[in-house]
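Numbering (UniProt numbering), first residue to last: 1 to 697.
For glycine and all other residues, C-beta sits at the position ideal for the given N, C-alpha and C.
Please read these numbers as outputs of a predicted model, since none were measured by experiment.
See the structure below:
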């Protein structure tokens, strides 16, 4: 967002105002602030004060005119008469203790919960789930933490949180932190500190400056406003973003806060359409402040508290919020699984529009993966729509999506790439913390389904669900491809072929002249073989109990085939005899954890590497003697071959178009959508590698 100067001509005056654009979000919103000339500093300061006062009063008029809060109405989300508030958030049930008796003390609001705290906390969760805000690994300071709900939520979302308050509030605050942040899977941390607004903050709070500052119900007293703003100025750096949630109690206090804050901060007000849909209130307002420019939440539409002089807030909002046509719910056919192992039923389903950062796709082709079979036979989440290897055409996009437009050709992936989390930025992993493997049958952003039949939710599979004429995926789980690439072929790069090639190249990094053994010669195993062949491995041994696979495997690079049923000796011993003491690399591509141990034993001492790719069908635990690892052997897991989908798959597709890798050769069957159950039977009987299912045109 480059800073630019613009000139505004006023109708009633001939003088021209010099303004600075502080930020522009895709042309939808501009943040403006008067740029003071150094030689006219005092005069400009007076003008800025006048501007701030005018804008603040207009904001108050707009808030009260639009929302008309009823102050006598009780809190919608909390009961201040109870000793405990329970709230489900971030997959955990929080129990927040409060002190109802403290309300008898004049001016005390911090020992009980208010709606503003619940709304701010649920907004953070919603924005994080929608990938519009990332707290993972960020330094977060909460002011006036009170009972600690907001800070707890920030810590559960991965923030390194410091919760602060007055000395007499710390005992209750520490108790709530201790009770609610014991979860083993908590991604962040929480620490409690005493802090009085207006005092010099501890260096731990300011060095380095926090990424995010939070405050709920902190704008409550005119006497505390200047101390609060002084604290915010001391805490914040140029990249710090402040989120403040307040109850609409006293327009004079709020106007005074805004008037004073506008002298030092850029201020935005979050439209309620961007809050958590179940946690909205006309009695609460959410503000975003920054000393530089508001550099987070670039996908949100922000209602501004800074604008042109003599332009009313109502006019600003009308200018800033474009009318965007929302996609409709559509009805389409999908193959619905109603129970484990039961035949799929093609039914009409309703598919909701894509939400923020999602896209809706018209599926063209989808291939059946063995993982679909494994989940269909065993997992308990039903009714469900399976399928995750797919190609299609974008039908519509949700808010904030800029990478895709209607008509784009795309490849879906079952793990995404947000590009912002620790894993994505590490350069060491493809296991995105935000868009990782989804096992609960819902979408990443809001933990809800997009499919339904007569109001009944139909669950997703791996956040893709491609056994449907249309589907919705997160934009981070789709890769744009050229319109000339055959969709009926490259759908195999959504999982199986890419997973095998990546395991050979990215995870194992097979060296020239090495020996390789592969357990399981399905599409994944044969893709490992192809990868080993292209890397120049001298021995590529395939192991499978299906004798028919031996001959076919030669086309993908297998140099020797072993059927364990034909051997009297343990298979690991046979392999050691063939490879002069053990293979350099072994790959378990079946999903049999007992075979993982065998693969380890088939490797050589010193540097033997075993890579496991298969999805476990029953028992997930691996048992191995400690001595195997003591002698230098290594076991590594591989998910999607280590590929970062959005960063790496375009180059893999390019290799296919240049005929540098085999893909078409894995396709043994092509079937229409109505024969989806036939595809399941073919794979269960071991009669196909990949069956491509074609949707009706």
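Taking its Cβ as the centre, do 16 or more other Cβ atoms sit within 10 Å of residue i, making it buried, or is it exposed?
i	result
residue 129	buried
residue 252	exposed
residue 318	Confidence is the limiting factor: at residue 318 the pLDDT is only 36, short of 50, which leaves the residue's position unreliable and the question unanswerable from this model.
residue 598	buried
residue 612	buried
residue 544	buried
residue 220	buried
residue 601	buried
residue 180	buried
residue 607	exposed
residue 372	buried
residue 585	buried
residue 294	Confidence at residue 294 is low in this model, with a pLDDT of 49, below 50, so the placement of that residue should be treated as unreliable; the coordinate-derived value is given next. So residue 294 counts as buried.
residue 68	Residue placement at residue 68 is flagged as unreliable, the pLDDT there being 49, under the threshold of 50; a coordinate-derived value is accordingly withheld.
residue 565	exposed
residue 290	buried
residue 494	buried
residue 255	buried
Looking only at its chain, what residues have a beta carbon closer than 7 Å to the beta carbon of residue i, apart from the 5 residues adjacent to it on each side?
i	result
residue 423	429, 431, 432 and 433
residue 450	351, 352, 443 and 472
residue 153	89, 90, 121, 124 and 125
residue 532	504, 510, 516, 540 and 557
residue 593	616, 619, 620, 621 and 622
residue 272	280
residue 26	Here residue 26 scores only 31 on pLDDT, less than 50, and its place in the model should not be relied on; the value that follows carries that caveat. Cβ within range, chain order: 402.
residue 567	574
residue 698	Residue 698 lies beyond the range of the chain shown here (1 to 697); nothing can be said about it.
residue 678	671
residue 706	The structure shown does not extend to residue 706, since the chain is modelled only from 1 through 697, so no value can be given for it.
So what's residue i in DSSP terms, helix, strand or just coil?
i	result
residue 240	coil
residue 680	helix
residue 664	helix
residue 182	coil
residue 689	coil
residue 498	helix
residue 330	strand
residue 30	Because the pLDDT at residue 30 is just 34, under 50, the model does not fix this residue reliably, and the point stays unresolved.
residue 323	Low per-residue confidence applies at residue 323: pLDDT is 37, beneath 50, and the placement is therefore not dependable, though the value from the model is reported in the following sentence. Coil at residue 323, not helix or strand.
residue 218	coil
residue 344	coil
residue 190	strand
residue 88	strand
residue 203	helix
residue 310	Confidence is the limiting factor: at residue 310 the pLDDT is only 29, short of 50, which leaves the residue's position unreliable and the question unanswerable from this model.
For residue i, I'd like the list of residues in its chain whose CB is within less than 6 Å of its CB, leaving aside the five on either flank, ordered along the chain.
i	result
residue 195	164
residue 167	194
residue 576	582
residue 481	409, 411 and 653
residue 661	655
residue 457	449
residue 162	141, 191 and 193
residue 276	122, 123 and 126
residue 147	96, 98, 113 and 176
residue 77	115 and 118
residue 488	365 and 692
residue 139	160, 210 and 211
Can you check whether the CB of residue j is closer than 8 Å to the CB of residue i?
i	j	result
residue 519	residue 587	yes
residue 416	residue 477	yes
residue 666	residue 497	yes
residue 366	residue 389	yes
residue 664	residue 631	no
residue 233	residue 115	no
residue 419	residue 357	no
residue 157	residue 135	yes
residue 197	residue 241	no
Quick one: residues in its chain with C-beta nearer than 8 Å to the C-beta of residue i, no 5 flanking neighbours on either side, listed in chain order?
i	result
residue 377	340, 341 and 617
residue 381	440, 441 and 459
residue 175	97
residue 349	331, 332, 333, 334, 336, 385, 451, 452, 453, 458 and 468
At 3 residues or longer, and completely inside the UniProt domain "Alcohol dehydrogenase-like N-terminal" (357-481): list those beta strand (DSSP E) runs for me, N to C. Whole beta strand (DSSP E) segments, 3+ residues: 358-367, 389-397, 409-412, 451-453, 456-458, 470-474 and 478-481.
With a floor of 3 residues, list each beta strand (DSSP E) that falls wholly inside the UniProt domain "Alcohol dehydrogenase-like C-terminal" (524-655), ordered by position along the chain. Listed in chain order, the beta strand (DSSP E) runs fully inside the UniProt domain "Alcohol dehydrogenase-like C-terminal" (524-655) are 539-543, 560-562, 585-588, 609-612 and 634-637, counting runs of at least 3 residues.
In the stretch 220-292, which residue ranges form an unbroken alpha helix (DSSP H) of at least 4 residues, counting only runs that do not cross its ends? Entirely contained in the stretch 220-292, the alpha helix (DSSP H) runs reaching 4 residues are, in chain order, 225-235 and 251-261.
Mind listing, in chain order, the continuous beta strand (DSSP E) runs of no fewer than 3 residues lying wholly within the stretch 106-172? DSSP runs (the beta strand (DSSP E)) wholly in the stretch 106-172: 139-143 and 160-165.
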